[in-house]
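The sequence shown begins at 4 in this note's numbering and counts up one residue at a time.
Beta carbons are placed, not taken as given, at the ideal position from N, Cα and C, and that holds for glycine.
Since the structure comes first, as structure tokens, the remarks are kept for the end.
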Amino acid sequence: MSELIAGSFLAPDELKLLQLGGALSRCDCRGVVLYLCGELGMGKTTFSRGVITGFGHRGAVKSPTYTLVEPYEFSGVDVYHFDLYRLGDPEELEYMGIRDYFTPRSLCLIEWPVRGQGVLQRADIELTLNLAGMGRELVWRALSERGAALARAWSDLI
């Protein structure tokens, strides 16, 4: 996958990580697949929580580690939060009907996408969270025209 544009954001604390996710929710995210990469404890679920609460969800946002996916429906967009950490074999995604989640009105947030290689739809944006002092650095790469448009809009809000 070749990147079209790339950049990074710093999140010195959890609040900023939530705010960065919230800013993404103020952009047109429909039809986007976003891969969330990084080691355990880097904040992938926290970032996802920021996106989901940014759309207006008021309940708990739990990691779908055991269920593989948690759906959230909003006016105009469906958000699917995947956590593939415990996925045994990428073929399991076929049995759960993974392709049905990738629609023109969905935003798919996928933690641990490497575990679904060969079955997952290509990412529009790949976001990697790394340790940066006590905070995190979010390094993103837009991998499609749709991802590049979203990245530009998101960057304008930061």
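C-alpha gap between residue 138 and residue 72, whole angstroms: 27 Å
Do the CB positions of residue 114 and residue 39 come within less than 8 Å of each other? yes
Go through its chain and collect everything with a Cβ distance to residue 148's Cβ below 8 Å, but skip five positions before and after it. 7
Residue 150: which of 161, 35, 87 sits nearest, CA to CA? 35
Classify residue 14: buried if its beta carbon has 16 or more other beta carbons within 10 angstroms, exposed otherwise. buried
Residue 78 to residue 107, Cα distance in whole Å? 14 Å
Are the beta-carbon atoms of residue 11 and residue 140 separated by less than 8 Å? yes
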